[in-house]
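> Take a look at the following structure, please.
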Amino acid sequence: MKYLLLIAISLFNITIACGQAQPIYVYSLPSGLLDSLPIVTFDKNILTERTNYFIGKFDSNQAVLPQVAPSSNTYPNSQFTLKKPAADDFNLLHYPIRTSVKLFAINQDTLADLCSGSLISRRHVLTAAHCISNFNTNLLSHDSILVSPVFNNGQPNVNFGESYVRKVYFFKDWKIGDSDIALLELDDPIGETTGYLSLGFNSMDSSLLNGIFYKFSYPSTTLLSLDSNEYNGDTLYYNYGVVDLINGSTIGINGTNGIPGESGSSLIKIRNGQEYTTYGTLSLSNGLRHCRVRNWQYYALKDIITNDLTAASSLTIQPTEFFIYPNPVSHTFRIKGASTYTIDELLLYDELGRMIWRATPTSYDPVIDLSTFPPGVYYISISSASAISSAKIIKK
């Protein structure tokens, strides 16, 4: 059974407006509980910002993606290509392609095609709010969602596994074409292996449009009136080119269209080896219009990503078992553990969730050298055979 998102096909009469900042609703799928997050304050004088991208632990291979406007296989009167299977031209195991995910809804143990998305942290997927929430109700449309990185030819990728969604975040009173953005928090940090895109906003239209953009998505319905290809949702497709349609809340491409299943896919500005930034999620078919990430949305989502690192693990060693000192630290710090615990692994993350260092200590009280790292906030994960603990570290 397939869940067909025809939202993107209907040509709604929509008034596009920049809108005011809205709080975020948070649904816990295991408990069914609803909560909300306050509006995040930020410096309105900042015109553009993006988080860090991460190529992942799987390997260091990066796809070399064309960086000039295409001149063939394009939509009429555009410089944006028609959809093509990504595996025809690229190795799906290479970054950033492996950050692309397919979303499934689960109903009575049956998987149903849902949407597309992109990993933007070790544990977070960016997609569209209409993929997971009912219109005008602020209620979830699904109580079980599965995320599968670079799903292709009807099969999950054995290198990356899959993960269930444990929390869903979206902006209160979202609308198609305006704030149609959602963040999915995963049970498993699969982004550590696949890597992830950076998330960004740019309030300067001309600067944002300058560059080549890519899309990776899972079209799931054959609509010959719009596209001559046959789609069933089992294959990763891509297209790329020049973006030429922009306003306060959307960004897209004139003369193009989307297909159900592509909803939630990212519009990614790519400069090989320099930038891999998503600036929006697909919301409307006509013109491949993506909800543009605006400043207040960016800082709200960034706050969630950052706070994930400080969340207490369900397997936490008692504070008396490990001591980290000194903290704040100028150069080195020491982890003092009880002799009954053997530390199996240490992982160090920056404040955006990027793993930047790992080690297997050879003593009960290892000394960690941060002298080569810039000042800032870091998080260390301490793993033993029976538990995991994490701590915040300030580098002076």
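Residues in the sequence shown are numbered from -19 upward in steps of one, following the numbering used here. From the three backbone atoms N, C-alpha and C, an ideal C-beta is built for every residue, glycine too. Just so we're clear, the structure is a prediction, and the values are computed from it rather than from any experiment.
I'd like to know whether the C-beta atoms of Ile373 and Asn307 end up nearer to each other than 7 Å.
Against a cut-off of 7 Å, the Cβ pair of Asn307 and Ile373 comes out as a contact.
> DSSP puts His104 in a beta bridge; with which residues?
DSSP output for His104 lists Glu165 as bridge partner(s).
> What is the DSSP secondary structure of Gln254, counted as helix, strand or coil?
The answer is coil: DSSP assigns Gln254 none of H, G, I, E or B.
> According to DSSP, is Glu172 part of a helix, a strand, or is it coil?
Correct three-state label for Glu172: helix.
> Count the other CB atoms within 10 Å of the CB of Arg334; is the residue buried (16 or more) or exposed (fewer)?
Flag for Arg334 reads buried.
> Distance check for Gly238 and Ser187, CA to CA, integer angstroms please.
Their Cα atoms are separated by approximately 25 Å.
> May I ask which residues mark the beginning and end of the alpha helix (DSSP H) holding Leu379?
Residue numbering for the chain in the displayed model covers -19 to 376; residue 379 lies beyond these limits and cannot be assessed.
> Exposed or buried, Thr192, counting other C-beta atoms within 10 Å across all chains shown (16 or more means buried)?
Reading the sequence as shown, one finds Ile at residue 192 and not Thr. Classification for Ile192: buried.
> Consult DSSP for Ile(-6) and reduce its assignment to one of helix, strand or coil.
In this prediction, Ile(-6) has a pLDDT of 33, which is less than 50 and means its spatial position is unreliable; what the coordinates show is noted afterwards. The answer is coil: DSSP assigns Ile(-6) none of H, G, I, E or B.
> Since Asp89 is in the beta strand (DSSP E), which residue starts that stretch and which ends it?
No beta strand (DSSP E) contains Asp89, which DSSP labels as neither H nor E.
> Hey, how far is the Cα of Gly171 from the Cα of Gly157?
Their backbone Cα atoms lie some 28 Å apart in a straight line.
> What residues are listed by DSSP as bridge partners for Asp15?
Answer is Val6.
> Spell out the partners DSSP gives Gln42 in its beta bridges.
Looking at the DSSP assignment, Gln42 forms a beta bridge with Tyr75.
> Is it right to say Lys24 is buried, meaning 16 or more other beta carbons lie within 10 angstroms of its own, or is it exposed?
Classification of Lys24: exposed, given that the 10 Å Cβ count is below 16.
> According to the Cβ coordinates, are Gly175 and Tyr259 closer than 7 Å?
No, the pair does not count as a contact, with Cβ atoms beyond the cut-off.
> With H, G and I counted as helix, E and B as strand and the rest as coil, what does DSSP make of Asp214?
It is coil, neither helix nor strand.
> Quick check on Gly97: buried or exposed, where buried means 16 or more other Cβ atoms within 10 Å of its Cβ?
By the neighbour-count rule (16 or more Cβ atoms within 10 Å), Gly97 is buried.
> Which of the three DSSP states is assigned to His110 in this structure?
DSSP places His110 in helix when its eight states are reduced to three.
> Going by alpha carbons, who is nearest to Arg274 out of Phe140, Thr230, Arg103, Val145?
Closest option to Arg274, Cα to Cα, is Thr230.
> As a quick exercise: from Asn41, Leu177, Asn71, Leu73, pick the residue whose alpha carbon is nearest that of Leu106.
Leu106 has its Cα closest to that of Leu177, out of Asn41, Leu177, Asn71, Leu73.
> Report the partner residues of Pro80 according to the DSSP bridge assignment.
A quick correction: the sequence has Ser, not Pro, at residue 80. Bridge partners of Ser80: Ser98.
> Label Phe84 either buried or exposed according to how many other C-beta atoms from any shown protein chain fall within 10 Å of its C-beta, with 16 as the threshold for buried.
So Phe84 counts as buried.
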